[in-house]
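Residues -1 to 173 in our numbering are what the sequence shown spells out, letter by letter. Every residue, glycine too, gets a C-beta built ideally from N, C-alpha and C.
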Amino acid sequence: MRLNATSYIRLLLLTLAALALVAPTVTLAQDEFDDDFKPPVDLVVVMKANRVMYLYANGEMVEQFPIALGKNPIGTKRKRGDNRTPEGLYYLDWRNPDSIFHRSIHISYPNARDREEADARGVDPGDLIMIHGQPDYDDREREGDWTNGCIAVSNQAIDTIWDRVYDGTRIHIYP
């Protein structure tokens, strides 16, 4: 069935009229939940020098947390055991709800560039770099830079990050 121009315009007007009747209902329903709605985070930014992590949703900073880094925080991770936190663009690609550090989310280090650079130097780049909470085996919250290269936050912060950040989210770690 082909529509002529008049029929097409009538169909379009009927569709717009139907949408106009439904739209206020949808808006009212959204307004009831706006106070509780938190959009998913689509970018995590870590500023190593400032010891802070920012969570962004739709280009807007929605959360920030103080962080601790590897015991040797200056410079990017270059090899296994150097106690440095990597710098660059990665992804949060899997999570461990049973971590000995409350909860943990894996950072996709090493990426292809990290592997190439480590191969050129003849070293193992290391792996298992995580964002995690505080140790379950210790009741006190650690101070200073104490990890083996991971990014540590409070247990309350990792719970928030866990709920707002999905696997596949980009993380950019700056010096």
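Measuring CB to CB, does residue 103 end up less than 9 Å from residue 94?
yes
Kindly indicate which three-state DSSP category residue 94 falls into: helix, strand or coil?
strand
Within this structure, are the beta carbons of residue 147 and residue 36 separated by less than 9 Å?
no
Below 8 Å on the Cβ atoms is my guess for residue 40 versus residue 92; work out the distance and round it to an integer in Å.
Not confirmed; about 18 Å, so no contact.
Under 8 Å by Cβ, that's how I've got residue 131 and residue 156 pegged, so tell me the actual separation to the nearest angstrom.
4 Å
8 Å Cβ shell around residue 125 - same chain, five flanking residues per side excluded:
78, 107 and 108
Contact check, residue 172 vs residue 43, beta carbons under 9 Å:
yes
Can you list, in chain order, the residues of its chain whose CB lies under 7 Å from that of residue 47, leaving out five sequence neighbours each side?
173
In terms of alpha-carbon separation, which member of 49, 62, 85 and 134 lies closest to residue 127?
85
Where the beta strand (DSSP E) through residue 115 begins and ends:
It is not in any beta strand (DSSP E) - residue 115 instead sits in the alpha helix (DSSP H) that spans 110 to 119.
Rounded separation between residue 99 and residue 118 - CA only:
33 Å
Taking the alpha carbon of residue 145 as the point to measure from, which residue in 50, 54, 71 and 64 has its own alpha carbon closest?
71
Does the beta-carbon of residue 53 have 16 or more other beta-carbons within 10 angstroms, so that it is buried, or is it exposed?
buried
Since residue 38 contacts residue 162 with CB under 8 Å, what's their CB separation in whole angstroms?
6 Å
In three-state DSSP terms, what is residue 155?
helix
For residue 86, write down the residues that DSSP places opposite it in a beta bridge.
171
Distance CB(residue 143)-CB(residue 66) smaller than 9 Å
yes
Buried or exposed for residue 151, please, with buried defined as at least 16 other CB atoms from any protein chain shown within 10 angstroms of its CB.
buried
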